[in-house]
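If you count by mature numbering (1 follows the signal peptide of the UniProt record, and there is no 0), then the sequence shown holds residues -26 to -1, 1 to 245, one letter each, in order.
Where is the CB? At the ideal position from N, CA and C, for every residue including glycine.
Because the structure is a prediction, the values reported are computed rather than measured.
What follows is a set of notes on a single structure, which appears directly below.
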Amino acid sequence: RKARSSRGLSWLVAALMVGLLPYADGNSIYVVGYNDYGQLGLGDYLQRSTQTRMIATDMPLQTVRGVAAGLYHNIVFGELADGDVGVVYTWGRNTKGQLGTGSKLQTSTPTLVKWDICPEPNSWVCTPKLCKELCDVGSCTGFGRENPWWKASDMHCVKPQDKQWTGGTHPQVIQVATTEDASFVLTVEGNVYSWGSNDWGQLGITDFEEEDIARPDGEYLRDVPQFVKLLKDEIVLGVVGGAFHVAALTDRGELWVWGQNAEGQLGLGDF
């Protein structure tokens, strides 16, 4: 939803988390604080009381362009030695799929974000096992992930999990942002992709509100990048996240907001 139009609005992107503050200095990343979930990205779970530099074995990027911190996870983008640009890595807690690796396994070292190359969903599927099988043959039309406890009586036809990226190995990312348990990237084309928790609609997709049928696995999350369709006709210049809400600035000077609004954080005049 658009909050209001404002021309010449300056854009400040900030990332804040409890217990960990990463920052980039040239081509290096420094971390400090708690490390219960490997959120320092150093390959262990020991907290640090002084700023610690992530060495080359911890950080695959040759050049770091940006970093953002969630509650217990981090996201960074930059360039590889082979010249590949806009590459995204994540690490830390992953209970809500906030690392974007296609699973919910946490990692204590930077892990490449998984961009599934599938065409637009073109049908509805009622069997959870079909999702992976159909993606493997280049037609991603299934919902969610395989669940070993499914029974035939549990099957529901629900909206497929859209996997929107359709070209190359990954888009060229120019900015990263986070909420507590979700991650966001902005591409050079002005598109926004999101993954992680969608409990409050913070991913910019509509499962939490417009789907009358509960997702069969009982979870409102995405563990791979999803295109934020509500901004499909916009060119986004910057995106920033709060705890459970997000704001994006467009080239027309419009501020778009979505997510939790229990305390009026969306600025829409309601709750």
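query                                                                                                                                                                         : result
To the nearest angstrom, how far is it from the Cα of PHE18 to the Cα of TYR46?                                                                                               : The sequence given here has Asp at residue 18, not Phe. Going from the Cα of ASP18 to the Cα of TYR46 covers about 14 Å.
Return the residue from the list SER171, PRO145, ASN172 that minimises the CA-CA distance to ASN165.                                                                          : PRO145
Put LEU229 into one of helix, strand or coil per three-state DSSP.                                                                                                            : strand
Rounded to whole angstroms, what's the CA-CA distance from LYS137 to THR85? Just pull it up for me.                                                                           : Note on LYS137: pLDDT 46, under 50, position unreliable in the model; the coordinate value appears next. Approximately 20 Å, taken between the alpha carbons.
Name the residue from VAL150, ALA217, VAL162 whose alpha carbon lies nearest to the alpha carbon of ASP173.                                                                   : ALA217
Leaving out five residues before and five after GLY170 in sequence, what residues of the same chain have Cβ atoms less than 6 Å from its Cβ?                                  : LYS70, GLY71, GLN72, ASP155, ALA156, SER157
Taking the beta strand (DSSP E) that HIS219 falls in, what are its first and last residues?                                                                                   : 219 to 224
So which of THR81, ALA43, THR153, GLN149 has the shortest CA-CA distance to PHE51?                                                                                            : GLN149
For THR24, which residues from the same chain have a beta carbon less than 7 Å from its beta carbon, with the 5 sequence-adjacent residues on both sides left out?            : VAL6
Note down, in chain order, each residue of its chain lying with its Cβ closer than 7 Å to the Cβ of LYS206, except the 5 sequence neighbours on either side.                  : none
Could you spell out where the beta strand (DSSP E) holding ARG196 opens and where it closes?                                                                                  : 195 to 201
With distances taken Cα to Cα, identify the nearest neighbour of VAL198 among ARG39, THR64, THR37, GLY44.                                                                     : THR64
Using a 10 Å radius around the Cβ and a threshold of 16 neighbouring Cβ atoms, would you call LEU242 buried or exposed?                                                       : exposed
Taking all protein chains shown into account, do 16 or more other C-beta atoms lie within 10 angstroms of the C-beta of THR81, making it buried, or fewer, making it exposed? : buried
Who are the Cβ neighbours of ILE209 in its own chain at under 7 Å, not counting the five residues just before and after it?                                                   : GLY164, THR224, ASP225
Thinking TRP89 and GLY178 are a contact (beta carbons under 8 Å), I'd like their distance in whole angstroms, please.                                                         : The pair is not a contact, with the Cβ atoms about 18 Å apart (cut-off 8 Å).
List the endpoints of the continuous beta strand (DSSP E) containing HIS47.                                                                                                   : 47 to 53
On a CA-only basis, which of ARG39, THR180, ALA236, GLY215 is nearest LYS203? Give me that one, please.                                                                       : THR180
Let's see if you can read the secondary structure: which residues bound the beta strand (DSSP E) around LEU211?                                                               : 210 to 215
Can you give the beta carbon distance from VAL59 to ASN48, rounded, assuming they're within the 8 Å contact cut?                                                              : That belief does not hold up - the Cβ atoms of VAL59 and ASN48 are roughly 20 Å apart, past 8 Å.
What does the alpha-carbon distance come out to for the pair ILE175 and GLY212?                                                                                               : A small fix is needed here, since residue 175 is Gly in this sequence, not Ile. Looking at the two C-alpha atoms, the distance is approximately 19 Å.
Please classify ARG27: is it buried, with 16 or more other beta-carbons within 10 angstroms of its beta-carbon, or exposed?                                                   : exposed
From the DSSP output, in three-state form, read off PHE245 for me.                                                                                                            : coil
Over the uninterrupted beta strand (DSSP E) stretch that includes LEU86, give me the two end residues.                                                                        : 81 to 86
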